[in-house]
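With the working numbering applied, the sequence shown covers 13 to 361. All residues carry an ideal CB built from backbone N, CA and C; glycine is no exception. Notes follow once the structure below has been shown.
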Amino acid sequence: MRTVRIENLPNRSQMHELYHGRGSLGANRMKKILVVRIGALGDAIHALPMVNELHRREPESEIYWAAGPSVVSFLKGHSALSGFITVNKGVKGLFNAAKLVRKKFDCAIDTQGLIKSAFIAASSSNMVIGRAWNSVREKPASFFYTEKVEPQKEHIIEQNLELLEPLFPNETKFEIKYDIPIHEHPEWKFLSETPILFNIGGGWWTKLWERENFVQLANRIDKVLGLPVGIVWGPGEEDNAKYIAAHSSAQLAPPTLFRDLAGIFSKARLLVSGETGPLHLAVAVGCRTIALLGPTAGTRNGPYGKEQITIEPQLPCRPCHSRTCADFRCMPMITPDRVFNEIANKLER
Numbered sequence: 013m014r015t016v017r018i019e020n021l022p023n024r025s026q027m028h029e030l031y032h033g034r035g036s037l038g039a040n041r042m043k044k045i046l047v048v049r050i051g052a053l054g055d056a057i058h059a060l061p062m063v064n065e066l067h068r069r070e071p072e073s074e075i076y077w078a079a080g081p082s083v084v085s086f087l088k089g090h091s092a093l094s095g096f097i098t099v100n101k102g103v104k105g106l107f108n109a110a111k112l113v114r115k116k117f118d119c120a121i122d123t124q125g126l127i128k129s130a131f132i133a134a135s136s137s138n139m140v141i142g143r144a145w146n147s148v149r150e151k152p153a154s155f156f157y158t159e160k161v162e163p164q165k166e167h168i169i170e171q172n173l174e175l176l177e178p179l180f181p182n183e184t185k186f187e188i189k190y191d192i193p194i195h196e197h198p199e200w201k202f203l204s205e206t207p208i209l210f211n212i213g214g215g216w217w218t219k220l221w222e223r224e225n226f227v228q229l230a231n232r233i234d235k236v237l238g239l240p241v242g243i244v245w246g247p248g249e250e251d252n253a254k255y256i257a258a259h260s261s262a263q264l265a266p267p268t269l270f271r272d273l274a275g276i277f278s279k280a281r282l283l284v285s286g287e288t289g290p291l292h293l294a295v296a297v298g299c300r301t302i303a304l305l306g307p308t309a310g311t312r313n314g315p316y317g318k319e320q321i322t323i324e325p326q327l328p329c330r331p332c333h334s335r336t337c338a339d340f341r342c343m344p345m346i347t348p349d350r351v352f353n354e355i356a357n358k359l360e361r
């Protein structure tokens with residue numbers, strides 16, 4: 013991790029002059045910027061276009077990211093980032109991170125909207141950008157912000173880009189770039205046939221699709237389309253992955269780290285997945301996806317881009333964004349037949 017030094021930072025009044033048209037931003041003034049997104053991996057991917065756009069507009073500035081260990085491990089080596097502040101779990105980890113960044117940045121951008129992320133951002137700078145009261149995840153977080161942005165867009169990627177508005181108030185066009193490093197491994201022989209991939213995990217159990225559905229879908233793809241199917245899996249998902257492979261023609265991917273999935277997805281024909289980190293990673297490396305959404309909304313959290321497909325049932329209770337449910341109907345309503353039809357139509361285009 014690189015050392016962050018205090019270097020002639022402007023006070024709050026000067027910052028407002030710089031960012032509201034009464035001064036010039038200038039690379040010599042905008043030296044260090046802190047982005048705060050502690051977790052999770054999928055949400056970190058959603059913040060990458062904003063970071064890349066910030067780096068494109070201010071290439072001489074140093075951009076740091078405050079995040080949990082898993083996000084730091086995944087993003088290490090990213091071309092737009094100069095360094096990381098690791099935020100470990102618990103109150104001690106939070107205060108240690110806040111102490112490390114204390115007033116060492118020209119500007120902080122909180123993309124997470126939690127009290128803990130806002131606290132770290134406010135500890136680091138006199139200018140803190142975040143979402144307005146009505147849009148922030150934890151309402152008190154907005155009290156930490158000096159610049160509050162009311163989202164006009166619906167998708168979270170575009171909402172993150174809107175957080176740059178206080179810095180570039182007259183700019184309306186942004187590029188969507190991720191620039192995720194791709195690591196390839198020769199032992200991934202199952203990719204040689206460009207398979208359709210299943211990501212069977214979901215993070216929350218309310219995002220999971222039944223393993224029997226994956227079995228039926230794999231068998232129909234094999235029988236009707238004659239295409240190979242691969243299964244990617246993460247911690248705690250191996251038993252379900254082995255079950256699907258044992259009851260279908262699908263092949264098991266080798267154990268991988270999250271960052272290794274970028275290489276796998278870049279070689280895939282298509283990915284079928286619930287709304288979770290690997291889905292958004294696949295989109296980021298250019299893989300076509302079919303997303304199965306239950307508790308979350310495709311317009312906000314679905315795969316970003318016209319090439320991506322979202323399947324979500326129409327129920328009055330959704331999107332609920334809930335990790336628990338007493339009347340779980342949304343994911344069971346998505347049938348293997350419907351997913352297969354979307355796959356077949358997608359491959360015809």
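> Of the residues Arg361, Ile121 and Phe156, which one's Cα is nearest the Cα of Lys318?
Replying inline: The candidate whose alpha carbon is nearest that of Lys318 is Arg361.
> What residues in its chain sit with their C-beta under 6 Å from that of Ser36, if we drop five residues either side in the sequence?
Replying inline: The pLDDT assigned to Ser36 is 38, lower than 50, so where the model puts this residue is not dependable; a value taken from the coordinates is nonetheless given after this. No residues qualify anywhere along the chain.
> What three-state label does DSSP hand Gly142 in the structure shown?
Replying inline: DSSP, reduced to helix, strand and coil, places Gly142 within a strand of the structure shown.
> How about Tyr157 and Asp122: are their beta carbons less than 9 Å apart?
Replying inline: If you check the CB distance, Tyr157 and Asp122 come in under 9 Å.
> Three or more C-beta pairs closer than 8 Å, one from the segment 58-73 and one from the segment 138-151: is that the case here?
Replying inline: A contact is defined here as three or more CB-CB pairs under 8 Å, and the segment 58-73 fails this definition with respect to the segment 138-151.
> So Pro331 and Thr347 are in contact, right, with Cβ under 8 Å, and what is the actual spacing, rounded?
Replying inline: Between Thr347 and Pro331 the Cβ distance is about 20 Å, and since that is not below 8 Å, they are no contact.
> For Glu159, which beta-bridge partners are listed by DSSP?
Replying inline: Under DSSP, Glu159 forms a beta bridge with Ile141.
> Under 9 Å between the Cβ atoms of Gly125 and Val99?
Replying inline: Contact flag unset, no.
> Quick one: complete beta strand (DSSP E) runs, 3+ long, within the segment 203-237?
Replying inline: 208-211, all fully within the segment 203-237.
> When burial is assigned at 16 or more other CB atoms within 10 Å of the CB, is Leu269 buried or exposed?
Replying inline: The residue is exposed, with fewer than 16 neighbouring Cβ atoms inside 10 Å.
> In the structure shown, what three-state DSSP assignment does Leu283 receive?
Replying inline: Strand.
> Mind checking if Trp145 is an interface residue toward chain C, Cβ cutoff 9 Å exclusive?
Replying inline: The structure shown contains no chain C; it holds only a single protein chain.
> Would you call the segment 281-299 and the segment 73-82 touching, i.e. three or more CB-CB distances under 8 Å?
Replying inline: Under the three-pair Cβ rule at 8 Å, the segment 281-299 does not count as touching the segment 73-82.
> Between which two residues does the alpha helix (DSSP H) carrying Phe277 extend?
Replying inline: Counting along the chain, the alpha helix (DSSP H) containing Phe277 begins and ends at Leu273 to Ser278.
>> Considering Cα atoms alone, identify which of Ile355, Asp55, Thr301 and Glu250 is closest to Arg232.
In response: Closest by alpha carbon: Ile355.
> Can you tell me the Cα-Cα spacing of Pro328 and Pro240, whole angstroms?
Replying inline: Straight-line measurement puts the Cα of Pro240 at about 37 Å from the Cα of Pro328.
> What are the partner residues of Leu264, as DSSP defines its beta bridges?
Replying inline: Answer by DSSP bridge pairing, in chain order: Ile243.
> Roughly how many angstroms lie between the CA atoms of Glu170 and Arg335, to the nearest whole one?
Replying inline: Cα-Cα distance, rounded: 25 Å.
> Hey, how far is the Cα of Ala39 from the Cα of Asp55?
Replying inline: Confidence at Ala39 is low in this model, with a pLDDT of 39, below 50, so the placement of that residue is unreliable and no value is reported for it.
> Taking the C-alpha atoms as reference points, what is the distance between Gly314 and Leu53?
Replying inline: For Gly314 and Leu53, the gap between their C-alpha atoms comes out near 15 Å.
> Where does the unbroken beta strand (DSSP E) through Phe270 begin, and where does it stop?
Replying inline: Careful: Phe270 lies outside any beta strand (DSSP E) and carries neither H nor E.
> So what's Thr347 in DSSP terms, helix, strand or just coil?
Replying inline: In this structure, Thr347 counts as coil in the three-state DSSP scheme.
> Sorted by chain position, which residues of the same chain lie with C-beta nearer than 7 Å to Ser91's C-beta, five sequence neighbours on each side aside?
Replying inline: So the list reads Asp191, once near-sequence residues are dropped.
> Could you give the distance in angstroms between the alpha-carbon of Val140 and the alpha-carbon of Asn64?
Replying inline: If I take the Cα positions, the gap works out to 19 Å.
>> On the DSSP bridge list, what partners appear for Phe180?
In response: DSSP output for Phe180 lists no bridge partner at all.
> Residue range of the alpha helix (DSSP H) that Arg175 falls in?
Replying inline: Rather than Arg, the amino acid found at residue 175 in this sequence is Leu. It is not in any alpha helix (DSSP H) - Leu175 carries neither H nor E in the DSSP assignment.
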